[in-house]
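In what follows, a single structure is set out as structure tokens and then discussed.
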Amino acid sequence: MFQWILAVAAMICFSGTLAAVAKEPAKPSGSVTSGESLSTILETQDTTGPVNVVMIVSDDQAWTDYGFMKHHAIQTPNLDRLAARSALFRRGYTPTPLCRPSLMSMITGHYAHRHGVTGNDPRQDKSLMPEEYAALREQLISKIDAIPTIPKRLTDSGYVSLQTGKWWEGNFSQGGFTDGMTRGFPQPGGRHGDDGLDIGRKGIGRIREFIDSAVAGQKPFFVWYAPILPHTPHTPPQRLLEKYQSPDRPIELARYFAMCEWFDETCGELLNHLDERKLTSRTLVVYVTDNGWIQATSEMKLGKEWNHGFAPRSKQTSYEGGIRTPIMFSWPGTIPPADLQTPVTTLDVFPTIMAATGLSAADDLPGSNLLPLMIEQRPLNRRFLCGESYSHDIADLDQPEVSLITRWCIEGRWKLILTYDAPEDRYSFVHAVNEKRPQLFDVLADPAEKQNLADSHPDVVKRLSENLQSVWKLDKSPIAQ
Ligand SMILES: [Ca+2]
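In this note's numbering, the protein residues as written are 2 to 482.
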């Protein structure tokens, strides 16, 4: 109760009056799988008690691949419904376009150069004995011990928390969750989720049970729903595959499209459960993707070096296909639905959840609390966003700059990408095809990033380079023009 009082006090502090905000009319709910409109659902909702938090984290999905982002074929009626009741940021970004560092940034609120988990795995080296490599894995996992996480903070203030899906940082308890599915390394399959990877693909029963148990125990809850969807293996239900198959569409594309809708269906189950349990108006649902994905097809001429299912300029790269994602915050009755153009980052999730739950956020967090913007349209005091990309395998666990491949800065319409030398690894083919010199794009006029304007705008290159140095002062020089 004490935390709830704090939360309300914090909300009033920046929003004028909470009551004024709560009267904001809700947008039409769009396609509601449960058959009820949002206004009907809200009439029956329990609005007492602290806010619950649910994070939905898509895995390997392009920012374009939703109904509400106007994809020409992919249908996502449930996420469209969430978008209609959310503050929707169409220009969201992940600070690092690879699963593990991206998830780590969400859960800690820090850049990879700060939390230290820059890649998915320690670098494989044939000279290492298995026990030596296992020790490197343990060393990498232990980085989470030294840094606050969302579940650690919420658990300390009386929440119960559930981990499901992707999770790389050992046992769920190591991240601060009170409950979870992932046993973690060195358990079998413990690299990135083991039993947790069943969630979504085999239903969301574990989440339903957890929520019902939390409600019965009168505990506020935090749910981490990070299924390995639409991520490979692309094995959609036959009914969905058939829906997307057509003679003029490569089968790889049909499978991926069907995976996006399968993921959407699982999100619908989760949202319906919140509606049915009368929790929607006191649950903050946060939606993000960990990194982008452009599906490769057999029609693309990618060369024999290319040995993965994603196309160039997507996963692992700092192009829009790698780093961009819609970001949504749904809290009906408190956050008015809105379609927002402000660029935001998944680094903003941590401070926003802290503010919503009445907790303070450390001063050194790089992200921003988005509630003042979402609730009373107060502009963010932020000129630019930054991010970074590293080699898939971490060359040096203590020196992030060794594995650094690109840094990017977005300021208004401009986006600068700087490239750095990094040791070769098994994913070097991803970066080998990209431009190495500084790249400057007008991403509003040229979202496909086709025209490099660095030569004609040296002043902008200089200013955005300085922005990057202000975020992380780095001695290593980018590859020059
Ligand atoms: Ca991913």
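For every residue, glycine included, the Cβ atom is placed at its ideal position computed from N, Cα and C.
Query: Using a threshold of 9 Å, state whether the C-beta atoms of Thr-165 and Ile-108 are closer than that.; Result: no
Query: Under 7 Å Cβ to Cβ from Arg-138, same chain only, skipping five residues before and after it: list those, please.; Result: Pro-123 and Phe-186
Query: Suppose contacts are defined by Cβ-Cβ distances below 9 Å. Is Tyr-245 in contact with Gln-296 by that definition?; Result: no
Query: Where does the unbroken alpha helix (DSSP H) through Trp-169 begin, and where does it stop?; Result: Premise fails: Trp-169 is in no alpha helix (DSSP H) and is neither H nor E.
Query: Which residue comes first and which comes last in the beta strand (DSSP E) that contains Thr-420?; Result: 415-420
Query: Looking at the strands, I want to know which residues DSSP matches up with Leu-405.; Result: Tyr-391
Query: Taking the beta strand (DSSP E) that Ala-255 belongs to, which residues open and close that run?; Result: Element bounds for Ala-255: not the beta strand (DSSP E) but the alpha helix (DSSP H), 252-277.
Query: Can you give the beta carbon distance from Gly-323 to Gly-368, rounded, assuming they're within the 8 Å contact cut?; Result: Going by Cβ atoms, the distance from Gly-323 to Gly-368 rounds to 19 Å, so no, they are not a contact pair.
Query: Entirely within the segment 179-262 and at least 3 residues each: give me those beta strand (DSSP E) ranges in chain order.; Result: 222-227
Query: Looking only at its own chain, which residues have a Cβ that is under 8 Å from the Cβ of Lys-24, when we skip the five neighbours before and after it?; Result: With a pLDDT of only 30 at Lys-24, under 50, the local geometry of the prediction cannot be trusted, and the value read off the model is given with reservation. Once the five neighbours on either side are set aside, Lys-24 has no close Cβ partner at all.
Query: I believe Ala-88 touches Phe-264 by the beta-carbon criterion, under 8 Å. Please report the beta-carbon distance rounded to the nearest angstrom.; Result: Incorrect: roughly 21 Å between the Cβ atoms, too far for contact.
Query: Span of the beta strand (DSSP E) holding Asp-476?; Result: No beta strand (DSSP E) holds Asp-476; DSSP gives it neither H nor E.
Query: Just the Cα atoms here: how many angstroms apart are Ile-151 and Leu-371?; Result: 16 Å
Query: So, does the segment 405-414 touch the segment 386-396, judging by three or more C-beta pairs under 8 Å?; Result: yes
Query: Can you confirm whether the segment 217-230 touches the segment 50-68 when touching is taken to mean that 3 or more C-beta pairs between the two stretches lie within less than 8 Å?; Result: yes
Query: Anything with a beta carbon under 7 Å from a heavy atom of ligand 1 counts; list them all in chain order.; Result: Asp-60, Asp-61, Leu-99, Cys-100, Ser-103, His-232, Asp-291, Asn-292 and Lys-316
Query: How long is the line joining the alpha carbons of Tyr-67 and Thr-77, rounded to whole angstroms?; Result: 6 Å
Query: Does Pro-1 pass the burial test, meaning 16 or more other C-beta atoms within 10 Å, or should it be called exposed?; Result: Because residue 1 is not part of the residues shown, which for the chain are 2 to 482, the question remains open.
Query: From the DSSP output, in three-state form, read off Asn-79 for me.; Result: helix
Query: Would you call the CB atoms of Ser-162 and Thr-347 closer than 9 Å?; Result: no
Query: Let me check one thing: in DSSP terms, what residues is Leu-386 bridge-paired to?; Result: Ile-411
Query: What do you reckon, are the CB atoms on Leu-475 and Gln-317 nearer than 9 Å?; Result: no
Query: So, Phe-223 versus Met-56, is the Cβ gap smaller than 9 Å?; Result: yes
Query: Using the C-alpha atoms, what's the distance from Val-434 back to Glu-170?; Result: 31 Å
Query: Following the continuous alpha helix (DSSP H) through Gln-140, name the residue where it begins and the one where it ends.; Result: 131-142
Query: If Thr-343 sits next to Phe-90, beta carbons under 8 Å apart, how far is it from one beta carbon to the other, in whole angstroms?; Result: 6 Å
Query: Could you tell me the boundaries of the alpha helix (DSSP H) in which Ser-87 lies?; Result: Note, Ser-87: premise wrong, no alpha helix (DSSP H); beta strand (DSSP E) at 87-94.
Query: Ignoring anything shorter than 4 residues or poking outside the segment 319-379, list the alpha helix (DSSP H) runs there in chain order.; Result: 321-324, 350-357 and 372-377
Query: Quick one: any contact between the segment 463-482 and the segment 419-434, if contact means 3 or more CB pairs under 8 Å?; Result: yes
Query: Alpha carbon to alpha carbon, what distance is there between Leu-43 and Ser-282?; Result: 7 Å
Query: Would you kindly work out how many angstroms separate the C-alpha atoms of Val-289 and Leu-129, rounded to a whole number?; Result: 37 Å
Query: What first and last residue would you give for the beta strand (DSSP E) that runs through Asp-443?; Result: 440-443
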